[in-house]
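Under my numbering, read the sequence shown as residues 8 to 179, first letter to last.
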Amino acid sequence: MTKISERTCIICRKKHTKDELFRIVEKGDKYTFDEKMKSQKRGTYICRSQECVNRLSKHKKIKVEIDDLLKMLSLLKKDTKDYLKVLKAMKNSQELVFGVNMIFDEIEKIHFMIIAEDISEKNDNKLIRKANENNIHYIHYGSKIQLGEIFDKEEVNVIAIKNKRVARGLIG
């Protein structure tokens, strides 16, 4: 079994795979966004989430240029639109399950989970534990309100995909 290398977000301290994070590197007294993740300097990682990038912009010790912060935010917007479009297009299919309890009921059929970034820590930990036990890929993405809009609900904590091919397309 191959071990997936994880990094820790310096803002929220959660562990993620490198592709779920932004990388910044120190240049003098400031940090710059290493978009390609190829800089030969020691990197620091930040979640690909609006919340962590916003908190980074106010960080007292880690100063990042405004242009780099805007670039990170624009990448987030681009990514969010794509995931949300795919989920909206699939909303009437039988391939999506939403809500923590419904996902636990169908956990053996699930191949990919999209967890809201503003989910409660308790539910987040439950979902991540189940995902890891069942080798299910997951990401933290969008807000509960954004995920809820897909199903015309006020809020949705998590959406899972049961179709293996669609899940592979979203993961890769």
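Idealized CB from N, CA, C, for every residue including glycine. A quick note: this is a predicted structure, and the numbers were derived from the prediction, not measured.
N- and C-terminal bounds of the alpha helix (DSSP H) containing residue i
i    : result
E58  : Q57 to S64
I17  : No alpha helix (DSSP H) contains I17, which DSSP labels as neither H nor E.
G155 : K151 to I157
Inter-residue Cα distance where the pair is residue i and residue j
i    : j    : result
K78  : E13  : 23 Å
I114 : I122 : 14 Å
S46  : E140 : 35 Å
K137 : I73  : 38 Å
G176 : L103 : 15 Å
H118 : I168 : 6 Å
M44  : D26  : 10 Å
E184 : V107 : In the structure as shown, the chain starts at 8 and stops at 179, and residue 184 therefore has no counterpart that could be examined.
E58  : K65  : 11 Å
T39  : Q101 : 44 Å
F158 : S127 : 20 Å
H144 : M120 : 6 Å
D112 : F105 : 11 Å
Bridge-paired residues (DSSP) for residue i
i    : result
E33  : Y38
I166 : F105 and I121
L28  : C54
Y145 : M120
V71  : Y38
Range of the contiguous beta strand (DSSP E) that encloses residue i
i    : result
I126 : Element bounds for I126: n/a, residue is neither H nor E.
K22  : K22 to T24
I178 : First-last for I178: K171 to I178, but that is the alpha helix (DSSP H), not the beta strand (DSSP E).
Contacts around residue i, its chain only, beta-carbon distance under 7 Å, and the 5 residues preceding and following it disregarded
i    : result
V93  : L177
D125 : S150 and K151
I18  : I53, C54, C59, R62 and L63
Own chain, CB closer than 6 Å to residue i, minus 5 neighbours either side, in chain order
i   : result
K22 : E13 and T15
L76 : S64
I11 : T24
Cut-off 8 Å between Cβ atoms - residues of its own chain near residue i, not counting five sequence neighbours on either side
i   : result
L80 : Q57 and V60
V71 : I31, K37, Y38, T39, F40, L63 and S64
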